[in-house]
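Protein chains in written order, with our numbering: chain A, 1 to 342; chain B, 1001 to 1342; chain C, 2001 to 2342.
Glycine included, each C-beta is placed from N, C-alpha and C at the ideal position.
As structure tokens, the structure follows; a few thoughts come after it.
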Amino acid sequence: MSKTNAGRFFEDYRVGQEIVHAVPRTISGGERAMYHALYPARHAVHSSDEFARSVGYSQAPLDDLIAFHVVFGKTVPDVSLNAVANLGYAEGEFLRPVFAGDTLTATSTVIGLKQNSSGKTGVVYVRTRGENQRGEVVLSYVRWVMVRKRDVDAPAFETVVPQLATHVLPKDLPVLQGVDFSRYDFDLAGEAHRWSDYEIGEVIDHVDGVTMEDAEHMLATRLWQNTAKVHFDQTARPDGRRLIYGGHVISMARALSFNGLANAQRIIAINSGAHANPCYAGDTVRAWSEVLDKAELDAPNVGALRLRLVATKGSAGELRGDDGKYLPEILLDLDYWAIVPK
Amino acid sequence: MSKTNAGRFFEDYRVGQEIVHAVPRTISGGERAMYHALYPARHAVHSSDEFARSVGYSQAPLDDLIAFHVVFGKTVPDVSLNAVANLGYAEGEFLRPVFAGDTLTATSTVIGLKQNSSGKTGVVYVRTRGENQRGEVVLSYVRWVMVRKRDVDAPAFETVVPQLATHVLPKDLPVLQGVDFSRYDFDLAGEAHRWSDYEIGEVIDHVDGVTMEDAEHMLATRLWQNTAKVHFDQTARPDGRRLIYGGHVISMARALSFNGLANAQRIIAINSGAHANPCYAGDTVRAWSEVLDKAELDAPNVGALRLRLVATKGSAGELRGDDGKYLPEILLDLDYWAIVPK
Amino acid sequence: MSKTNAGRFFEDYRVGQEIVHAVPRTISGGERAMYHALYPARHAVHSSDEFARSVGYSQAPLDDLIAFHVVFGKTVPDVSLNAVANLGYAEGEFLRPVFAGDTLTATSTVIGLKQNSSGKTGVVYVRTRGENQRGEVVLSYVRWVMVRKRDVDAPAFETVVPQLATHVLPKDLPVLQGVDFSRYDFDLAGEAHRWSDYEIGEVIDHVDGVTMEDAEHMLATRLWQNTAKVHFDQTARPDGRRLIYGGHVISMARALSFNGLANAQRIIAINSGAHANPCYAGDTVRAWSEVLDKAELDAPNVGALRLRLVATKGSAGELRGDDGKYLPEILLDLDYWAIVPK
């Protein structure tokens, strides 16, 4: 029995600790095809090598969320196997595109620890980095989770709560090497809307809905080598339902957002994110976006939009009730930066 | 709200109009693997690079229906988002094989418009061309759909109904460059039946059945970036069922036809097609074929069979009732040409 | 009707008969990605080109069970289409790794025939070889199945029952060309347990469970071009359920065994195997392993473990009842050799 990984508990973490996550993963066109089968993903830079070359990439970079899911999945056995809740994300930066053929590894540093007043759980903050086979960081983000203690009587550590940016500032957005949207083909991309056409405060209803299936979210979650039991084993929860991996909802909502944000080609930063309510098979997921901010970027004809992406079982534009809490139909509230042609 | 695509209505089309469809798509071995997971596809030319080389291809061409689905999927947002019915296909020609690594784009020309007597809808005829990254046309076909009018009171256009061939004539079948079936290995292909073994009028029951699943048809339909709402959103229809994309039924029937038509290696033309009745998860789909015609081709040891491929929930050989209408169990009636070793 | 394959019956086999199976298959990164989506497979040698290179492979070999399934699938139309039961496996040897880009073919030799006393069925023993595009044998195994007779009154052949090894002896294990685990990175592989840490008789509960889905096992089974009707057609069985391909359970259990056997990197031999009870959608599959034996290998820092891998709907460690028969919750009892770093 002692051969298996029971996961870390709260008292197993130390601030400053480095965790090398298993298992490195080579990604091919196969993962891209699976991604396109699982989500209605259509952003042209990710869909076509030719389109990608016309705007400065050597070939089509994989959908940025593939990199996120692959890196995130590796952290699960070390960070969230005994997690009670996935509390938040911050300072997510997609520093380099990932291409078919790349091999990704992941490492995390514990940057904060805070025992909860109950004494039964604590919050663990980690900064996770995903690297490619050349040792280049492709993705970096902070995540914090609530983790069970093994021993409720274990003494509490000194509390360390990291100072995290509320969002990635425009000046801190990743540099886009070689990207040039001067020859961007709006017909092929699917919509005519440029950076200047979007206004801060604008809300876009992405119209379409997708009904969730157990077979699909399990395929997705396994594809990222995410092994959290609740996604796969219907006996693991009292209600006999399998909880859908929050990342599946992120990718579904992002793909649905094509309808209205077809030109929001790449995600370059994640500012924050909340999985507001659980999602299950049978739920029909819709998405809407709000333009939160706009930024200039140092690449020809490229601008950035800061977007709130909401996945919901309800209607566009509604987010919180009178009590300030997320409405029960809200599944995801994600704040990110995407690049858009000017 | 105005950022999203509401689709074209009948009065938005003009005869002669050219529509460049978004989004170009690079296809890899990943899409081939997904196709093999979704359908029991086993035709040797598409399954094996070695087999394909032995008959004159540089590598295994992708299943021809992959090209069809990819091109068709691109037309959906521009042609059939507001379609009431997919009425027919004609003059489909698979002009060049598509290989892993190719990038496909699609363009349509409106070639006919006819308002219906109700005044609420009209029929739109388009000729669609799929091209690879070298600008070579790989696929061309005519499709006509019934589309809603935005404004019932909008004046009717002059009716233009194109003259369409009832089927592609043998002399008009695509030229098979480099294909030579002289070294065709019947053992590896799976059956011994040659072109000369098939007789006009012969009916082949393909025996096997497959029970449909929502997760599977949604994976397939998304893979082709087909976004029609009724396939994904169980709240979109009063009966709470998701309509299966007709192309999913085509591919399933074609793959089932291996048993009896293992040597009908490539589809080179689609003469006509009708989605006779809707298909839903839980239906068990079977297939049968009828040999409609035979033709000589100008390639060594290669002949063509014109085949009726029927997908049904019932028995082989039955197609229409006494009233001349398709029986309720008939799902698909497809008329195509395939190449067969002599 | 005569064009379709009705499969061979018992009296169609002769000892010494060679059967060339259709259809050759080129495997790409797409099949690997599908495998990772279908199973929680995480063994580092199969997951990462970089990791594989660090231990002597040119790139990541495909999961060994991919080769097994592809070869097995090809034999179905010739060997088990009229099978009543899949009785056993022996002398399975994974002689060479299979890589993305390889094309596999399969051939079987009938090595034994034994009519059952009922006169209605007989046991067929075949030795099957899978070869790559260079004609190198990548996999060889013996399988025996109970096959129906077409004509109950057909005379019985002389009984030939092959002498089969109860297991592959250490001295007969495949040679591992170029493999060197001296630079094996245990952090990246996911566990610290070496060959010397495992003791004969040790039982490992792999903890996690996965609930089966019809859509998933059908995708898997088709991916291997396995066409046995009972897996796909819910009308084929009186209970309206689709029987899950036994190989799907093998791959699921093997993938689950990562938790405790993360370093059992490659399967190099299958000693025996029994599909103890049928598996259906809705079943939650768990796995446990028992260390049956250990062997030295002639490659630097590489040892072998002989493992019993059990898939169960019940608890770890339980296998047979007081009557010596498999407990009803046991799905699979597989005996294999895997390589492990020393």
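Practice prompt. Please classify A:Glu-50: is it buried, with 16 or more other beta-carbons within 10 angstroms of its beta-carbon, or exposed?
Written response: Your numbering for residue 50 of chain A matches position 50 in the first sequence. So A:Glu-50 counts as buried.
Discussion item. Are the CB atoms of A:Leu-334 and A:Gly-273 within a distance shorter than 8 Å?
Written reply: Within the first sequence, the letter at position 273 stands for residue 273 of chain A. Within the first sequence, the letter at position 334 stands for residue 334 of chain A. Result yes, Cβ atoms of A:Gly-273 and A:Leu-334 sit closer than 8 Å.
Discussion item. Can you look up C:Pro-2238 in the DSSP assignment and give me helix, strand or coil?
Written reply: Here residue 2238 of chain C refers to the residue found at position 238 of the third sequence. For C:Pro-2238, the three-state secondary structure derived from DSSP is coil.
Item to complete: With a cut-off of 8 Å on the beta carbons, I'd call C:Ser-2140 and C:Leu-2095 a contact; round off their distance for me.
Response: The residue given as residue 2140 of chain C occupies position 140 in the third sequence. The residue given as residue 2095 of chain C occupies position 95 in the third sequence. Between C:Leu-2095 and C:Ser-2140 the Cβ distance is about 7 Å, and since that is below 8 Å, they are a contact.
Discussion item. Taking the straight line between their C-alpha atoms, what separation do you get for B:Thr-1128 and A:Arg-183?
Written reply: One-based indexing of the second sequence puts residue 1128 of chain B at position 128. One-based indexing of the first sequence puts residue 183 of chain A at position 183. Approximately 25 Å between the Cα atoms of the pair.
Worksheet item: For B:Ala-1090, does the count of other Cβ atoms within 10 angstroms reach 16, so buried, or fall short, so exposed?
Response: The sequence position of residue 1090 of chain B within the second sequence is 90, counting from 1. By the beta-carbon neighbour count (other beta carbons within 10 angstroms, threshold 16), B:Ala-1090 is buried.
Worksheet item: Where do the N-terminal and C-terminal ends of the alpha helix (DSSP H) with A:Ser-54 fall, by residue?
Response: Residue mapping note: residue 54 of chain A aligns to position 54 of the first sequence, counting from 1. From DSSP, the alpha helix (DSSP H) with A:Ser-54 extends over 49-54.
Item to complete: With a cut-off of 8 Å on the beta carbons, I'd call C:Phe-2258 and C:Arg-2242 a contact; round off their distance for me.
Response: Here the question's residue 2258 of chain C lines up with position 258 in the third sequence. Here the question's residue 2242 of chain C lines up with position 242 in the third sequence. About 27 Å separates the two Cβ atoms, so there is no contact after all.
Discussion item. Quick check on B:Leu-1169: buried or exposed, where buried means 16 or more other Cβ atoms within 10 Å of its Cβ?
Written reply: To locate residue 1169 of chain B, count along the second sequence from 1; it is residue 169. Around the CB of B:Leu-1169, fewer than 16 other CB atoms lie within 10 Å, so the residue is classed as exposed.
Worksheet entry | Among B:Gly-1088, B:Thr-1235, B:Glu-1199 and B:Ala-1083, nearest to B:Arg-1150 - alpha-carbon criterion | Translated into positions along the second sequence, residue 1150 of chain B becomes position 150. Ranking the options by Cα distance to B:Arg-1150, first place goes to B:Ala-1083.
Worksheet item: So who's on the other strand from A:Pro-341, going by DSSP bridges?
Response: Reading the first sequence from its first residue, position 341 is the one you call residue 341 of chain A. Looking at the DSSP assignment, A:Pro-341 forms a beta bridge with A:Val-302.
Worksheet item: Based on the DSSP output, what are the partners of B:Phe-1094 in its beta bridges?
Response: Along the second sequence, one-based indexing puts residue 1094 of chain B at 94. DSSP links B:Phe-1094 through a beta bridge to B:Leu-1139.
Worksheet item: Does A:Val-249 get closer than 8 Å to chain C when you measure Cβ to Cβ?
Response: Within the first sequence, residue 249 of chain A is the residue found at index 249, counting from 1. Among the CB atoms of chain C, none fall inside 8 Å of the CB of A:Val-249.
Practice prompt. Under 8 Å between beta-carbons, which chain B residues line up against A:Met-34? List them in chain order, please.
Written response: Here residue 34 of chain A corresponds to residue number 34 of the first sequence, with the count starting at 1. For a Cβ distance threshold of 8 Å, residue set Gly-1030 and Met-1034 of chain B lies close to A:Met-34, ordered along the chain.
Discussion item. Residues of chain B with CB closer than 9 Å to the CB of C:Gln-2177, please, in chain order.
Written reply: Locating residue 2177 of chain C in the third sequence gives position 177, where the first residue counts as 1. Going along chain B, no residue has its Cβ under 9 Å from C:Gln-2177, so there is no contact; the nearest lies around 23 Å.
Practice prompt. Could you name the residues of the segment 221-243 of chain A whose beta carbon sits closer than 8 Å to any beta carbon of chain C, in the order they occur along the chain?
Written response: Contact annotation: in the segment 221-243 of chain A, residues whose CB is within less than 8 Å of a CB in chain C are Arg-222, Leu-223, Gln-225, Thr-227, Lys-229, Phe-232, Asp-233, Gln-234, Thr-235, Ala-236 and Arg-242.
Worksheet item: In this structure, does DSSP put B:Lys-1294 in helix, strand or coil?
Response: Residue 1294 of chain B sits at position 294 when you count from the first residue of the second sequence. Residue state, collapsed to three classes: strand.
Item to complete: Report, in whole angstroms, the separation of the C-beta atoms of A:Trp-144 and A:Pro-341, which I expect to be a contact under 8 Å.
Response: In the first sequence, the residue the question calls residue 144 of chain A occupies position 144. In the first sequence, the residue the question calls residue 341 of chain A occupies position 341. Wrong, their Cβ atoms sit about 35 Å apart, outside the cutoff.
Practice prompt. Answer yes or no: does any C-beta atom of chain A fall closer than 8 Å to that of C:Ala-2156?
Written response: The count along the third sequence starts at 1 and reaches residue 2156 of chain C at position 156. Interface with chain A (8 Å Cβ-Cβ cutoff): C:Ala-2156 is excluded.
Worksheet entry | B:Ala-1189: contacting residues in chain C (beta-carbon distance under 8 Å) | Start at 1 with the first residue of the second sequence, and residue 1189 of chain B comes out as number 189. Proximity of chain C to B:Ala-1189 at the Cβ level (cut-off 8 Å) is accounted for by Ala-2022 and Val-2023, in chain order.
Discussion item. As an exercise, report each continuous alpha helix (DSSP H) stretch of at least 4 residues that is fully enclosed by the segment 1188-1231 of chain B, in chain order.
Written reply: With a minimum length of 4 residues, the continuous alpha helix (DSSP H) runs that stay inside the segment 1188-1231 of chain B are 1214-1223.
Discussion item. Which residues of the segment 75-86 of chain A have a Cβ closer than 8 Å to any Cβ of chain C? Give them in chain order.
Written reply: Cβ contacts with chain C come from Pro-77.
Item to complete: Determine the DSSP secondary structure at C:Met-2001, reduced to helix, strand or coil.
Response: Walking along the third sequence from the start, residue 2001 of chain C turns up at place 1. Residue placement at C:Met-2001 cannot be trusted, given a pLDDT of 47 that sits under 50; what the coordinates show is reported in the next sentence. C:Met-2001 falls in the coil class under three-state DSSP.
Worksheet item: Is A:Ser-289 closer than 8 Å to A:Leu-319 when the C-beta atoms are compared?
Response: Counted from its first residue, the first sequence places residue 319 of chain A at position 319. Counted from its first residue, the first sequence places residue 289 of chain A at position 289. No; because the gap between Cβ atoms is not below 8 Å, this pair is not in contact.
Worksheet item: How about B:Val-1123 and B:Val-1079: do their beta carbons lie closer than 8 Å?
Response: Here residue 1123 of chain B corresponds to residue number 123 of the second sequence, with the count starting at 1. Here residue 1079 of chain B corresponds to residue number 79 of the second sequence, with the count starting at 1. Against a cut-off of 8 Å, the Cβ pair of B:Val-1079 and B:Val-1123 comes out as no contact.
Item to complete: May I have the straight-line CA-CA distance separating A:Glu-11 from A:Gln-163, to the nearest angstrom?
Response: Numbered from 1 along the first sequence, position 11 holds the residue referred to as residue 11 of chain A. Numbered from 1 along the first sequence, position 163 holds the residue referred to as residue 163 of chain A. Their backbone Cα atoms lie some 22 Å apart in a straight line.
Item to complete: Let me know the secondary structure DSSP gives A:Tyr-326 once reduced to three states.
Response: Mapped onto the first sequence, residue 326 of chain A falls at position 326. Note: A:Tyr-326 maps to strand in three-state DSSP.
Worksheet item: Run through DSSP, which three-state label would C:Ala-2274 get?
Response: By 1-based counting over the third sequence, the position of residue 2274 of chain C is 274. Looking at C:Ala-2274 - three-state DSSP - the assignment turns out to be strand.
Worksheet item: Which chain A residues sit within Cβ distance under 8 Å of C:Pro-2040?
Response: Numbered from 1 along the third sequence, position 40 holds the residue referred to as residue 2040 of chain C. For C:Pro-2040, the C-beta contacts it makes with chain A under 8 Å involve Arg-222, Gln-225, Thr-227 and Phe-232, in order along the chain.
Worksheet item: What do you get for B:Ser-1058, buried or exposed, if any count of 16 or more other CB atoms within 10 angstroms of its CB means buried?
Response: Residue mapping note: residue 1058 of chain B aligns to position 58 of the second sequence, counting from 1. Here B:Ser-1058 is exposed. Its C-beta has fewer than 16 other C-beta atoms within 10 Å.
Worksheet entry | For A:Leu-243, the first and last residue of its enclosing beta strand (DSSP E) | The residue labelled residue 243 of chain A in the question sits at position 243 within the first sequence. Segment: none, A:Leu-243 is in no beta strand (DSSP E) and carries neither H nor E.
Worksheet item: Unbroken beta strand (DSSP E) runs of length 3 or more, entirely within the segment 1063-1134 of chain B: which are they?
Response: Restricted to the segment 1063-1134 of chain B, the beta strand (DSSP E) segments that are unbroken, complete and at least 3 residues in length are 1083-1094, 1103-1115 and 1121-1131, listed in chain order.
Discussion item. What does the alpha-carbon distance come out to for the pair B:Arg-1014 and B:Leu-1113?
Written reply: Taking the second sequence and counting its residues from 1, one reaches residue 1014 of chain B at position 14. Taking the second sequence and counting its residues from 1, one reaches residue 1113 of chain B at position 113. Cα to Cα, the separation comes out at about 8 Å.
Fill in: Coil, strand or helix - A:Val-45 by DSSP
Here residue 45 of chain A refers to the residue found at position 45 when the first sequence is read from its first residue. Here A:Val-45 sits in helix by DSSP.
Discussion item. Can you tell me which residues form a DSSP beta bridge with A:His-21?
Written reply: Taking the first residue of the first sequence as position 1, residue 21 of chain A is located at position 21. Answer by DSSP bridge pairing, in chain order: A:Ala-106.
Worksheet item: alpha helix (DSSP H) containing C:Leu-2261: first to last residue?
Response: Here residue 2261 of chain C refers to the residue found at position 261 when the third sequence is read from its first residue. Where C:Leu-2261 is concerned, the enclosing alpha helix (DSSP H) stretches over 2258-2261.
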